[in-house]
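Enquirer: My questions all concern the structure below.
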Amino acid sequence: MIHVALVLGTRPEAIKLAPLILALRADPRRFRTTVVLSGQHADLVAPILGFFDIRADVDINLMQPNQSLASLTSRAVTELHRVLGELQPDWVVVQGDTTTAMACALAAFYLKIKVAHLEAGLRTNRIDSPFPEEINRRFISQIAALHWAPTAASARALRREAMPLPHARIVVTGNTVIDALLLGVARLRTAPVPDADRDRIAAFLAADKRHRFVLVTGHRRENFGEPLRQICRTLARLAAADPRALFLYPVHPNPNVRTTVEEMLGRVPNIVLTAPKNYPEFLQLLDLSHVIVTDSGGVQEEAPALGKVVLVTRDTTERPEGLKTGLVKLVGHQPTRLLPAVRSALAASRRARRALKPTFPYGDGAAAARCVKSLLAFKS
Numbered sequence: 092m093i094h095v096a097l098v099l100g101t102r103p104e105a106i107k108l109a110p111l112i113l114a115l116r117a118d119p120r121r122f123r124t125t126v127v128l129s130g131q132h133a134d135l136v137a138p139i140l141g142f143f144d145i146r147a148d149v150d151i152n153l154m155q156p157n158q159s160l161a162s163l164t165s166r167a168v169t170e171l172h173r174v175l176g177e178l179q180p181d182w183v184v185v186q187g188d189t190t191t192a193m194a195c196a197l198a199a200f201y202l203k204i205k206v207a208h209l210e211a212g213l214r215t216n217r218i219d220s221p222f223p224e225e226i227n228r229r230f231i232s233q234i235a236a237l238h239w240a241p242t243a244a245s246a247r248a249l250r251r252e253a254m255p256l257p258h259a260r261i262v263v264t265g266n267t268v269i270d271a272l273l274l275g276v277a278r279l280r281t282a283p284v285p286d287a288d289r290d291r292i293a294a295f296l297a298a299d300k301r302h303r304f305v306l307v308t309g310h311r312r313e314n315f316g317e318p319l320r321q322i323c324r325t326l327a328r329l330a331a332a333d334p335r336a337l338f339l340y341p342v343h344p345n346p347n348v349r350t351t352v353e354e355m356l357g358r359v360p361n362i363v364l365t366a367p368k369n370y371p372e373f374l375q376l377l378d379l380s381h382v383i384v385t386d387s388g389g390v391q392e393e394a395p396a397l398g399k400v401v402l403v404t405r406d407t408t409e410r411p412e413g414l415k416t417g418l419v420k421l422v423g424h425q426p427t428r429l430l431p432a433v434r435s436a437l438a439a440s441r442r443a444r445r446a447l448k449p450t451f452p453y454g455d456g457a458a459a460a461r462c463v464k465s466l467l468a469f470k471s
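Quick note on the numbering used here: the sequence shown kicks off at 92 and runs consecutively.
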């Protein structure tokens with residue numbers, strides 16, 4: 092039996108690891124599965140795990156108010172080294188590029204436990220964008236024995252880099268975010284979840300065929316401060332100029348985001364600020380939206396599969412496959428690019444006779460199964 096410990100703490104990690112956890116737990120004869128929570132986004136993670144009927148086995152709380160990256164990293168390495176030392180799994184699975192994922196990989200390395208990296212090989216080739224995620228994922232790549240690359244492009248990026256472990260393997264799996272999306276949508280079609288914001292938007296759209304819904308999210312550290320203020324000014328201008336558009340912004344709980352957004356957008360009539368949505372609620376909003384303004388990597392992956400236009404408030408992306416579909420566009424945070432991009436997308440939506448066709452640049456919904464297969468096949 093192979094003992095696999097999966098460590099997660101953020102909303103994107105929970106979404107993308109959920110299909111893999113389900114796949115591993117579906118085979119208890121060959122896998123023992125331990126889910127470890129870091130406590131990074133505890134309130135956002137719990138509803139996702141609940142939606143997929145997943146219970147965590149270990150829960151640690153690494154977070155402290157306004158802690159620095161250095162403090163988080165040191166606490167994470169120390170605590171995860173302790174937990175993994177007690178568990179002694181055969182594999183530790185980390186996802187993506189969070190500081191916790193990087194620290195977990197380092198703790199596993201110190202304990203000589205093999206690391207599998209889900210969503211490996213994403214690169215912007217700029218160490219400051221996104222910060223600190225680009226360095227985090229590059230560091231994990233130096234430690235991982237098994238690299239689950241979501242696309243052929245991410246696999247090529249890994250092959251261009253020196254892989255220090257001679258037995259390391261790169262496997263193109265697709266992205267488990269599509270597994271989660273398809274699982275989630277199937278569940279919601281048979282059993283929708285109640286949400287007052289969703290009902291409000293549905294009524295707004297039904298009132299006039301020219302009405303449009305813009306979904307906004309933002310949480311990236313690189314946009315804290317003046318970039319976020321510029322985004323908020325632009326959204327306020329757009330909303331004031333287009334009363335037939337309703338903007339809904341589930342505001343991230345980080346004070347660097349919440350304080351700015353509430354101060355600058357809290358009194359704009361057709362901008363609705365709401366608490367963060369749990370995963371099924373957010374999927375329902377994605378499905379209703381016409382335009383999405385976001386800095387989220389996960390949304391860049393999910394939205395094309397629903398045929399949605401995504402305007403990314405960043406200057407770089409480690410997900411170029413979405414750009415090639417034409418549905419995802421890099422617009423940055425400056426008004427000179429963001430303002431016309433949103434206006435153009437809304438105008439195009441009003442002219443269109445039918446919804447845009449979904450595209451699937453990030454996978455077919457079978458990524459978790461490929462991950463499981465590669466674990467069984469791995470030979471060190």
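From the three backbone atoms N, C-alpha and C, an ideal C-beta is built for every residue, glycine too.
1. Could you check where the alpha helix (DSSP H) with Lys107 kicks off and where it finishes?
2. Where DSSP assigns a beta bridge to Ala240, which residues make up the other side?
3. Determine the extent of the beta strand (DSSP E) in which Leu208 is found, giving its start and end residues.
4. What residue from Ala137, Leu160 and Ala332 has the CA that sits closest to Asp148's CA?
5. CA-CA distance, Trp182 and Pro452?
6. Helix, strand or coil: how does DSSP classify Leu379 here?
7. Could you tell me whether the Cβ atoms of Gly309 and Thr385 are closer together than 8 Å?
8. Based on Cα-Cα distance, which residue from Thr427, Leu115 and Pro119 lies nearest to Ala473?
9. Terminal residues of the continuous beta strand (DSSP E) containing Pro119?
10. Helix, strand or coil: which one does DSSP assign to Ile218?
11. Does the Cβ-Cβ distance between Phe338 and Leu326 come in under 8 Å?
12. Counting only the same chain and skipping the five closest in sequence on each side, list residues whose C-beta sits under 8 Å from that of Ala336.
13. When the distance is taken between beta carbons, is Val342 closer than 8 Å to Leu377?
14. Quick one: measure Cβ to Cβ for His208 and Val174, integer angstroms, because I've assumed they're closer than 8 Å.
15. Got a sec, what are the start and stop residues for the beta strand (DSSP E) Thr365 sits in?
16. Taking the C-alpha atoms as reference points, what is the distance between Thr191 and Leu163?
17. So within the stretch 361-445, which uninterrupted alpha helix (DSSP H) runs reach at least 4 residues, ignoring any that extend past its ends?
18. Please report the straight-line C-alpha distance between Val359 and Gly423, rounded to a whole angstrom.
19. In the stretch 117-199, which residue ranges form an unbroken alpha helix (DSSP H) of at least 4 residues, counting only runs that do not cross its ends?
20. Measure the CB-CB distance between Ile226 and Ala240 and report whether it falls below 8 Å.
21. Pick out the complete alpha helix (DSSP H) segments inside the stretch 293-368, 4 residues or longer, and give them in chain order.
22. What is the residue span of the alpha helix (DSSP H) that Leu467 lies within?
23. Do the CB positions of Gly130 and Ile151 come within less than 8 Å of each other?
24. Can you pull the DSSP bridge partners for His94?
25. Under 8 Å Cβ to Cβ from His381, same chain only, skipping five residues before and after it: list those, please.
26. Spell out the partners DSSP gives Leu99 in its beta bridges.
27. Alpha carbon to alpha carbon, how far is Ala259 from Gln179? Give it in angstroms, no decimals.
28. Out of Leu97, Ile218 and Arg102, which one is the CA nearest neighbour of Val268?
29. For the 8 Å Cβ check, are there 3 or more pairs between the stretch 195-203 and the stretch 291-299?
30. Where does Gly275 fall in DSSP's three states?
31. How many angstroms separate the CA atom of Ala109 from the CA atom of Gly389?
32. Could you check if Arg166 is buried or exposed, using at least 16 other CB atoms within 10 Å of its CB as the buried criterion?
33. What's the gap between the Cα of Glu412 and the Cα of Val419?
Expert: Considering the structure as presented:
1. Arg102 to Arg116
2. Val263
3. Per the sequence shown, the amino acid found at residue 208 is His instead of Leu. Residues Lys205 to Leu209.
4. Ala137
5. 29 Å
6. helix
7. yes
8. A question about residue 473 goes unanswered here, because the residues of the chain that appear run from 92 up to 471.
9. No beta strand (DSSP E) holds Pro119; DSSP gives it neither H nor E.
10. coil
11. yes
12. His302, Arg303, Phe304, Val305, Leu329, Ala330, Asn361 and Leu437
13. no
14. With a Cβ gap of about 19 Å, His208 and Val174 do not count as contacting.
15. Ile362 to Thr365
16. 8 Å
17. 370-379, 388-393, 411-416 and 426-442
18. 22 Å
19. 133-142 and 160-178
20. no
21. 317-332 and 346-356
22. Ala458 to Ala468
23. yes
24. Arg123
25. Arg303, Phe304, Val305, Lys399, Val400, Ala436, Leu437 and Ser440
26. Leu128
27. 20 Å
28. Arg102
29. no
30. helix
31. 14 Å
32. buried
33. 9 Å
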